[in-house]
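In my numbering, the protein residues as written are 20 to 319.
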Ligand SMILES: [Zn+2]
């Protein structure tokens, strides 16, 4: 750790600077980062590199080295300073003594590194256990899943089950989906983030504008797939209409629920520029073929 007397910064210092920076970004940054990269991954990389440093240190000084000084290549690999022979040492022939003194110093660096890794892991654990879906008790999560299943069943027109995919085995950034359901099936998965947004709305009355809107739309969307609708654009059109009543049942006023679903419809048009598959069809409008309530003049 730390800079060296000769002004170079060791690879190990860069490693920990990068790790600290990444962990802070992961904790404080956008959801998309937490959803995309499991936090154990950078720790695994850091531990691997630390072990490599440690192995290099334990191997000790090279045995058959024509020149006793560490070579430039060693410095590049391990970041240890090139010891410059002081005139006093050279005169008194103390080089072997200095070689023996090196390993403890290198081991000390490894120890500091492991402490840094452990401290960062503790920080991640402390922040994550206080926020998000995983901070909820087992009972609260079960109650939320039961509530969401009940709401989805009303939309699907049959008993269905909603699971929050804590393991990210089915949904997430990797899978490119906030939720997933088999068309006509009875089980759908949502990401923990959307589950948490819905939990906050239903159990705490917390409304977080577009996040809440998205979570309602995703739940309704998967419910319509379970009901048997396959086409993504049609499914989304129905979902944003059902989302008004769904939002009301979860605690929104009718006005807010409509506003949030209209906002989702506007965002859908913008998203549709990127992925046409999810764009609602042109007849997703008041009085159009996909209007679930043609008698009403409001849409959604
Ligand atoms: Zn879909």
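Glycine included, each C-beta is placed from N, C-alpha and C at the ideal position.
{"Asked": "Starting from residue 46 and walking both ways along the alpha helix (DSSP H), at which residues does that stretch end?", "Found": "30-47"}
{"Asked": "Do residue 240 and residue 258 have their C-beta atoms closer together than 7 Å?", "Found": "yes"}
{"Asked": "Classify residue 234 as helix, strand or coil using the three-state DSSP reduction.", "Found": "helix"}
{"Asked": "Are there three or more Cβ pairs, one per stretch, closer than 8 Å when the segment 277-288 is compared with the segment 253-267?", "Found": "yes"}
{"Asked": "Confirm the yes/no value for this check: CB of residue 254, any heavy atom of ligand 1, distance under 6 Å.", "Found": "yes"}
{"Asked": "Name the residue from 51, 62, 47 whose alpha carbon lies nearest to the alpha carbon of residue 34.", "Found": "62"}
{"Asked": "For a test of your reading of the model: does the CB of residue 251 fall under 6 Å from any non-hydrogen atom of ligand 1? Yes or no.", "Found": "yes"}
{"Asked": "Going by DSSP in three states, residue 314 sits in which element: helix, strand or coil?", "Found": "coil"}
{"Asked": "If you run the structure through DSSP and keep just helix, strand and coil, what is residue 108?", "Found": "Confidence is the limiting factor: at residue 108 the pLDDT is only 47, short of 50, which leaves the residue's position unreliable, though a coordinate-based value still follows. Three-state DSSP puts residue 108 in a helix."}
{"Asked": "If you draw a straight line from the alpha carbon of residue 247 to that of residue 309, how long is it in whole angstroms?", "Found": "15 Å"}
{"Asked": "Would residue 139 pass as a contact of residue 28 if the rule is Cβ separation under 7 Å?", "Found": "no"}
{"Asked": "Are the segment 215-229 and the segment 148-159 in contact at 8 Å, needing three or more beta carbon pairs?", "Found": "yes"}
{"Asked": "Quick one: using the 10 Å Cβ neighbour count with 16 as the cut-off for buried, is residue 70 buried or exposed?", "Found": "exposed"}
{"Asked": "Taking C-beta to C-beta, are residue 205 and residue 179 nearer than 7 Å?", "Found": "yes"}
{"Asked": "Where does residue 214 fall in DSSP's three states?", "Found": "helix"}
{"Asked": "In the DSSP output, what is residue 141 paired with across the bridge?", "Found": "According to DSSP, residue 141 bridges with nothing at all."}
{"Asked": "Relative to the alpha-carbon of residue 302, which residue among 255, 143, 226, 277 has its alpha-carbon at the smallest distance?", "Found": "255"}
{"Asked": "As a quick exercise: from 202, 227, 188, pick the residue whose alpha carbon is nearest that of residue 211.", "Found": "188"}
{"Asked": "Kindly indicate which three-state DSSP category residue 183 falls into: helix, strand or coil?", "Found": "strand"}
{"Asked": "Mark residue 160 as exposed unless 16 or more other C-beta atoms lie within 10 angstroms of its C-beta, in which case mark it buried.", "Found": "buried"}
{"Asked": "In whole angstroms, what is the alpha-carbon distance linking residue 318 and residue 275?", "Found": "13 Å"}
{"Asked": "When you compare the CB positions of residue 298 and residue 291, do they come within less than 7 Å of one another, or not?", "Found": "yes"}
{"Asked": "Would the beta-carbon of residue 208 fall within 7 Å of that of residue 166?", "Found": "no"}
{"Asked": "Could you pull the start and end residues of the alpha helix (DSSP H) that residue 67 belongs to?", "Found": "59-78"}
{"Asked": "Is residue 19 helix, strand or coil by DSSP?", "Found": "The question about residue 19 has no answer, for the chain in this structure spans 20 to 319."}
{"Asked": "Answer with buried or exposed for residue 279, where buried requires no fewer than 16 other C-beta atoms within 10 angstroms of its C-beta.", "Found": "buried"}
{"Asked": "Whole-angstrom Cβ separation of residue 190 and residue 198, contact assumed at under 8 Å?", "Found": "6 Å"}
{"Asked": "Could you tell me if residue 184 is buried or exposed, where buried requires 16 or more neighbouring beta carbons within 10 angstroms of its beta carbon?", "Found": "buried"}
{"Asked": "Which word fits residue 168, buried or exposed, when buried means at least 16 other C-beta atoms lie within 10 angstroms of its C-beta?", "Found": "buried"}
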